[in-house]
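Numbering (my numbering), first residue to last: 3 to 386.
Backbone N, C-alpha and C define an ideal beta-carbon position, used for all residues, glycine too.
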Amino acid sequence: MNKYPYSVYLAAGTQAAQPTKNQIYLLKLSKMHKTKYDDDEASQSEEDSEDDNLSNDEEGQVHLSSVTGLKCGVNRIKTMNGQAIAAYWNENGDVNILDLNPLYKKLQSNQQSQFNLSQLHHKVFKNQHEGFALDWSRLKVGDLLSGSVDGKIYLYQLNNNDWIRENKAYEYHKGSVEDIQFSPIESFVFASCSTDGSLCIVDTREGKHKQAQILVKAHNCDVNVISWNQVSATLVATGADDGCFKIWDLKYPKNDAISEIQFHNKAITSIQFQPNSDSSIAVSSEDHKLSIWDFAVENENNNEEDVPDQLMFVHQGQKDLKELKYHPVYYEMIVSTSANGFNVFKPTLDEEEKKSEQSEEDQAQIPVIKEEDLNKYFQQMSIQ
């Protein structure tokens, strides 16, 4: 089991009131310990001694490095599977691929730094419209997808040590592409969702840019976000503008959703299956709540009519939640972003269940790319 203290690296982009004030941040959060009875001294009991090694009064540390010289806000940013390479959409409609390794190397020794964008290796792909959908492949190094508000989806790939974008876009949605995700088991398959209410699955081997292989009429409103289950690859979750989220089984694309939850009362802003589970999922909403669900739970003793059996945890205190991410290694750890900052937390769930699943954390691995390979990728990068 990964032991405390925890250390986490995060990439983030800003949307400042003045366009030239925007920055990209790389953060290192370290010396993070389990907090025990911080808010309820009366809860302390004889079991304290068993957990003394987990809790610690040592203060956590935050180190921050930044990239300046941006000309507009950042719509969305994604790092390449544990590597210090980021892709981001900006408000001018550009998709950028950026090498953050100079910042990362300094943060490793707790040194903060600031670089101008012109000092870093980066490549720019121009678009007619801005976008929000972005995803790196977990199976094929360097593969990237982007989706824009004009319904266009582009695939980017490494070719001769440089990123190349396919000339032809995928155009099968009738509205803005809101989210996109590669399949967890097939490098040539991806899913997308749109303001047209649909969930689509595409197999790039088919060569059909105007038609998806699977089209699901998922919601009667905008579909904002999707998540592909990493354990059971036939399951995909969708979150919509009306606060509803659903889970679909792609083996039966013409059937209704296998689960439909109307718990949140405003738009769903982020959704993700827990990486090690086929039944647990986290959801955030514009109602300032983040909920955690387990669809394997059947609670016969639940006497609360308004509380679904599958609801495990509700996280509150953040305003305008925008995105949540499970950590790929630290079991059940979630990072959530909002208008008033970041939260990093592990929910208090059933202890017996957690003990039986702690081995999952040990088995999780982040893909590693050698530094010499990264250098090759950037030798020929240029602005276009």
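- By the 16-neighbour rule on beta-carbons within 10 angstroms, valine 316 is exposed.
- Excluding the 5 residues flanking it on each side, threonine 70 has same chain C-beta neighbours closer than 8 Å at Gln25, Gln116, Phe117, Asn118, Leu119, in chain order.
- At the C-beta level, glycine 241 and asparagine 222 stay beyond 8 Å of one another.
- Per the C-alpha coordinates, the member of Phe184, Ser139, Val331, Ile187 positioned closest to proline 277 is Val331.
- Taking valine 233 as reference, the option from Gly209, Ser282, Ile294, Cys246 with the minimal CA-CA separation is Ser282.
- Residue pairing from DSSP places glutamate 325 in a beta bridge opposite Thr339.
- Nearest to cysteine 74 by alpha-carbon distance, out of Trp91, Val218, Val346, is Trp91.
- The way I'd put it, the segment 91-109 doesn't touch the segment 168-186; fewer than three beta-carbon pairs between them come closer than 8 Å.
- Counting every other CB atom within 10 Å of its CB across the protein chains shown gives arginine 140 a total of 16 or more, marking it as buried.
- In the three-state DSSP reduction, threonine 37 falls in the coil class, being neither helix nor strand.
- The continuous stretches of alpha helix (DSSP H) do not include asparagine 118, which lies in the beta strand (DSSP E) extending over residues 116-118.
- In the structure shown, tyrosine 106 falls within a helical segment according to DSSP collapsed to helix, strand and coil.
- Between the segment 175-186 and the segment 134-149 there are three or more inter-stretch CB-CB distances shorter than 8 Å, so the stretches are counted as touching.
- Within the model, the alpha-carbon separation for asparagine 267 versus valine 346 is close to 24 Å.
- For glutamine 63, the enclosing beta strand (DSSP E) begins and ends at 63-70.
- By the C-beta density criterion, aspartate 243 is buried, having at least 16 other C-beta atoms within 10 angstroms.
- Of the residues His329, Leu313, Thr339, Pro310, the one whose Cα lies closest to the Cα of lysine 321 is Thr339.
- Straight across, the Cα-Cα distance linking tyrosine 156 with isoleucine 79 is about 16 Å.
- In the three-state reduction of the DSSP assignment, glutamine 274 falls in the strand class.
- By the C-beta density criterion, isoleucine 260 is exposed, having fewer than 16 other C-beta atoms within 10 angstroms.
- Of the candidates His123, Glu288, Glu208, Ser196, the residue whose Cα lies closest to the Cα of serine 272 is Glu288.
- Taken in chain order, the complete beta strand (DSSP E) segments of 3 residues or longer contained in the segment 218-254 are 225-230, 237-242, 247-251.
- Rounded to whole angstroms, the separation of the alpha carbons of glutamate 300 and proline 310 is 10 Å.
- Taking C-beta atoms as the reference points, glycine 95 and glutamate 132 count as a pair closer than 8 Å.
- A distance below 6 Å between beta-carbons, with the five flanking residues on each side excluded, links alanine 341 to the following residues of its chain, in chain order: Lys321, Asp322.
- Classified as buried, serine 148 has 16 or more neighbouring CB atoms from the shown chains inside 10 Å of its CB.
- Beta-bridge partners of glycine 133 (DSSP): Ser150.
- One alpha carbon belongs to glutamate 180, the other to valine 151, and they sit about 7 Å apart.
- Under the 10 Å beta carbon count, glutamate 188 is surrounded by fewer than 16 other beta carbons and is classified as exposed.
- Taking all protein chains shown into account, asparagine 162 has fewer than 16 neighbouring C-beta atoms within 10 Å of its C-beta and is therefore exposed.
- The alpha-carbon separation between isoleucine 263 and valine 285 amounts to approximately 11 Å.
- By the 16-neighbour rule on beta-carbons within 10 angstroms, alanine 220 is buried.
- Threonine 22 and cysteine 195 have their C-alpha atoms roughly 31 Å apart.
- In the DSSP assignment, lysine 30 forms a beta bridge with Tyr11, His65.
- In the three-state reduction of the DSSP assignment, glutamate 208 falls in the helix class.
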